[in-house]
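2 protein chains.
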Amino acid sequence: MLTPILNSADRRPLYEQLYRHIRAEIEAGRLRAGERLPSKRALAAHLKVSVVTVEGAYGQLLAEGYLRSEPKRGFFVQAVQQERRTDAPAAPPLAPSRPRASLPYDFSTSGVDTSLFPFSTWAKLMREVLSAQADSLLAASHPQGVPELRRAVAEHLYRFRGIRADPEQIVVGAGSETLIAFLVQLLGRDGGYGVEDPGYAKPHRILSSCGAAVRPVPLDGHGLRVDALSALKVRVVHVTPSHHYPLGIVMPVARRQALLRWASEQPGRYILEDDYDSEFRFSGRPIPALQSLDSGERVIYLNTFAKSLAPSLRISYMVLPPHLLERWRREFWFYSSTVPSFEQYALARFMEGGHFERHLNRSRTRYKARREALLSAARDTGLTRAGSFAGGDAGLHLLLWMDRRWTEAELVERAAAAGVGVSPLSACDLTPPPPDRPPALILGYTRIAAEDMAPALRHLKGAWGF
Amino acid sequence: MLTPILNSADRRPLYEQLYRHIRAEIEAGRLRAGERLPSKRALAAHLKVSVVTVEGAYGQLLAEGYLRSEPKRGFFVQAVQQERRTDAPAAPPLAPSRPRASLPYDFSTSGVDTSLFPFSTWAKLMREVLSAQADSLLAASHPQGVPELRRAVAEHLYRFRGIRADPEQIVVGAGSETLIAFLVQLLGRDGGYGVEDPGYAKPHRILSSCGAAVRPVPLDGHGLRVDALSALKVRVVHVTPSHHYPLGIVMPVARRQALLRWASEQPGRYILEDDYDSEFRFSGRPIPALQSLDSGERVIYLNTFAKSLAPSLRISYMVLPPHLLERWRREFWFYSSTVPSFEQYALARFMEGGHFERHLNRSRTRYKARREALLSAARDTGLTRAGSFAGGDAGLHLLLWMDRRWTEAELVERAAAAGVGVSPLSACDLTPPPPDRPPALILGYTRIAAEDMAPALRHLKGAWGF
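Here's what the structure looks like:
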């Protein structure tokens, strides 16, 4: 008869030890298919355990299909394959993913200075939400995001971007990546998706991994070449008109109008307006969004709080034209919101209380000072003789066009060896650039303090010898 | 000359009023393309404003492309289309989305009883995270999720599901929907995606809206019919082996092995094991996951905290086999984590502190009592003479097979009229069911207190007349 070693001192209950033993016997083939097990009462007596213990073990084996029960006859072993189980030694441990290499002077564009974030205010608001809105925190939230946040976003868009959006048109999501992937489902994979070339790499990668045919669209000094769209068979285009990444071009009104005309020429054409860093315009009023010029429901406006607050917050939003909103509600209503209610309520309070506006103003002042310190250090160190800055008055990075002494790869490598992180323009090329294009580097200035700009550029001077 | 009414009492700065006026003149065609504007000095003198004001307005118009500047000659109006602007009356307001109809007795399966959630503990942990981990909260988190949470999940999986998963294999995401959409990108859209028929509707909708060819796979009493997969040209299959939704079938070991064999027969075959409510098994030990039987890296295990904690938390996770993890890190590393770090740290503490296990135990006890109250009320009211319950010992719903007096639609409608919400089995059919299938209803029992089960069933008795 089955005689497992049942150990009362074992953390596991007796029925589980018995269950495991019998399962192992079946899997090892020592108990064969069709074999009858002892009755519960007999086995309990044999093992000096209660009948309940045996019942628990048999019940589990029945539920898992190791045994079958025949009325009045008893329990029989089922045919199961003798499978190698995970009790076998585990695979060698996986290497943890490598951390990002961090250089003393990091002109990366991928983050912001999170020390500017008013964390104590944020924490206070979060505590308020925890105590005041406990009930609403646990219920599944509205698929488009909580109404309070959508109202605050609509108000912000109206005041700062000239966009009239009904809060009902707004859809909140866990990052622009999530929203872009979602838009491919809404707009369909047919027809080409145009992206700016050079441009931000992520939209291209997301669109193509979502199954869209992605077509790089060339630029000129006014941004995306609208005249190239028809030949390229583009149906939907992703653009950054407020501040092109990385060239810094602000798309002029005539080009915006041409783009809107293109979209209105055929049904099913859409413009994804990615306004990722429009909050950071340093001179004059912010440029009106494409969306605010659109009378034909062709523009889907996208923005994120990753740049304006903190990347870890994972809150982006889009403004859907009414006819797309209706389709979305009809076909995609089953999607749950991807952002926890908690962050949404906290952000709504943050915006309603004016904290967001104040934070933007503070950040703008700080980043402007950094940009000026960078430009002034460039003059002082003589960098402006070896290259020239472009990138307009907006955004959080500058483009540095260099003379041809070195290639971009050499410049990046030498800079890194001197402790300075810069990115090559070529990282944003989707197709080979014109052979005569001079080397250029992208310098984000959100992560280096103003007083560190001069030392950073002195290191660059040592590396590049300008 | 331009003579706007500039108003110092206006909230808007003078330069902005001037900018708006000139822009409106250009758009209305009153200032024509090619026309030269007055010099800054002349206009400032005319309007009795400072030169800086005019500079601000001209600068903005230049940046937006309404003007161009020619060195030594001055400012000229650019050709722009006369576009209808959003200053025009806005479209009629959109109807807010309709709230879910809520019935007094709601046997819905879509939520859980959030009153069981230990909110004060959760709030305490969130406050701890806010004060202790402020720095790490704002930095962009690891694309797979914060290591603390992945370690806690791995530990939980090992202790409660027999799954050996390296924390490095775990990917955290904003809901199973997000993860499934993501898996289509990872596994590719080629070949068919099989889903259980009948089954949970969401995987089907997500997979097909992501561009996969979805093929419904029939079931028998042991769950998904593995023998049907080859004829259906399925390459990837989504299954709920621990507790099929809605039939409640627990897939026996022999069928699990057959499914694993099917997956191992061809490269590129995968099984998405959706373990959505496996925490709620009421008798015996939880059934080992398919993943724990898989020696060929064919199973991707998916689970969510929406059922076990609260739907609003939007935290799910998957366990990728090592070779898929490597591919993911190579090709999809650019995706940011979709879950805020804040919730991830709070949940990690919640799990490490044993709160999750205690919460599961409490919930299990509570839900078991509700299930028993439902079954006992069904006997007392005579419902068990008109129909029979199925659904095994697990999960958070039961299936009620009814005699043929009424159709499912009639049963649902009559129940609703009596204040009782039940769902028809047919809501889960992907293809027409066999004509001889009796009507069946899905009864989730997480949202009705034990003491309300008898009144709920008395209402049903009135509606159905059993």
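For the protein sequence lines, the chains are A and B, in the order given. Position one of the first sequence corresponds to residue 507 (the working numbering), numbered consecutively onward. Position one of the second sequence corresponds to residue 507 (the working numbering), numbered consecutively onward. For every residue, glycine included, the Cβ atom is placed at its ideal position computed from N, Cα and C.
Item	Value
Can you tell me where the beta strand (DSSP E) holding A:Leu-725 begins and where it ends?	719–726
Using a beta-carbon distance cut-off of less than 8 Å, what residues from the stretch 613–630 of chain A approach chain B?	Ser-616, Gly-617, Thr-620, Phe-623, Phe-625, Ala-629
Taking the alpha-carbon of B:Leu-537 as reference, which of B:Tyr-572, B:Ala-707, B:Ile-676 has the nearest alpha-carbon?	B:Tyr-572
Can a CB atom of chain A be found closer than 7 Å to the CB of B:Pro-605?	Any reading at B:Pro-605 needs caution, since the residue's pLDDT is 47, under 50, leaving its predicted position unreliable; the model's value is listed next. With 7 Å as the cut-off, B:Pro-605 does not count as an interface residue toward chain A.
What is the residue span of the beta strand (DSSP E) that A:Met-908 lies within?	903–908
Tell me, please, which residues DSSP counts as bridged to B:Ser-929.	B:Ile-948
In chain order, what residues of the same chain have a beta carbon less than 7 Å from the beta carbon of B:Ala-962, not counting five sequence neighbours either side?	Tyr-611, Val-926, Ile-954
To the nearest angstrom, report how far apart A:His-749 and A:Pro-722 are at their CA atoms.	18 Å
Considering only residues of the same chain and omitting the five flanking positions on each side of B:Thr-684, which have a CB-CB separation below 6 Å?	Thr-844
Determine, using beta carbons only, whether A:Pro-649 and B:Leu-819 come nearer to each other than 7 Å.	no
I'd like the list of long-range same chain contacts for B:Gln-797, defined as Cβ closer than 7 Å, with 5 residues on each side in sequence excluded.	Ile-669, Glu-779, Val-805, Tyr-807, Val-825
Which word fits A:Lys-813, buried or exposed, when buried means at least 16 other C-beta atoms lie within 10 angstroms of its C-beta?	buried
Starting from the C-beta of A:Ala-597, find all residues in its chain whose C-beta is less than 7 Å away, skip the five residues before and the five after it, and write them out in chain order.	Any reading at A:Ala-597 must be qualified, since the residue scores a pLDDT of 46, below 50, and its modelled position is unreliable; the value itself is stated next. Cβ within range, chain order: n/a, list empty.
When we look at the beta-carbon of A:Thr-871 and count the other beta-carbons within 10 Å, is it buried (16 or more) or exposed?	exposed
Compare the C-beta of B:Val-759 with all C-beta atoms of chain A and state if any pair is closer than 7 Å.	yes
Between which two residues does the beta strand (DSSP E) carrying A:Val-825 extend?	822–825
Buried or exposed, going by whether 16 or more other CB atoms sit within 10 Å of the CB of B:Ala-671?	buried
Spell out the partners DSSP gives A:Asn-809 in its beta bridges.	A:Tyr-823
To the nearest angstrom, how far is it from the Cα of A:Ile-755 to the Cα of A:Ala-646?	41 Å
Pairs of beta-carbons, one from the stretch 717–734 of chain B and one from the stretch 537–549 of chain A, closer than 8 Å: are there three or more?	no
Please name the residues in the stretch 698–711 of chain B whose beta-carbon is closer than 8 Å to at least one beta-carbon of chain A, in chain order.	Ala-707, Lys-708, Arg-711
When the Cα atoms are used, what is the spatial distance from A:Trp-970 to A:Leu-917?	7 Å
With respect to 6 Å, is the separation between the Cβ of A:Lys-874 and the closest non-hydrogen atom of the ligand SAM below this value?	As for the ligand SAM, it is missing from this structure, which has no ligand bound.
Can you pull the chain A residues whose beta carbon is under 8 Å from the beta carbon of B:Ser-647, in chain order?	Ser-818
Give me the Cα-Cα distance between B:Val-928 and B:Ala-900, rounded to the nearest whole angstrom.	19 Å
First and last residue of the alpha helix (DSSP H) that includes B:Ala-896?	It is not in any alpha helix (DSSP H) - B:Ala-896 instead sits in the beta strand (DSSP E) that spans 893–896.
Using a C-beta to C-beta distance shorter than 8 Å, which residues of chain A count as neighbours of B:Ser-770?	None at all; the shortest Cβ gap to chain A is about 11 Å.
To which residues does DSSP link A:Tyr-780 through a beta bridge?	Sequence check: residue 780 of chain A is Asp here, not Tyr. Answer is A:Leu-808, bridged to A:Asp-780.
What beta strand (DSSP E) runs, 3 residues minimum, are completely inside the stretch 707–770 of chain B?	719–726, 740–745
Buried or exposed: B:Trp-768, going by 16 or more other Cβ atoms within 10 Å of its Cβ?	buried
Please list the residues of the stretch 712–744 of chain B that have a C-beta atom closer than 7 Å to any C-beta atom in chain A, keeping them in chain order.	Ser-715, Cys-716, Gly-717
Check whether the stretch 885–894 of chain A and the stretch 849–858 of chain A touch, using three or more Cβ-Cβ pairs below 8 Å as the test.	no
Could you have a look at A:Arg-656 and say whether DSSP puts it in helix, strand or coil?	helix
In terms of alpha-carbon separation, which member of A:Ser-801, A:Ala-960, A:Gly-859 lies closest to A:Arg-876?	A:Ala-960
Can you confirm whether A:Pro-973, when its beta carbon is compared against all beta carbons of chain B, has any partner nearer than 7 Å?	This structure gives no information on residue 973 of chain A, because the portion of chain A shown stretches from 507 to 972.
From B:Gln-523 to B:Glu-533, what distance separates their C-alpha atoms?	15 Å
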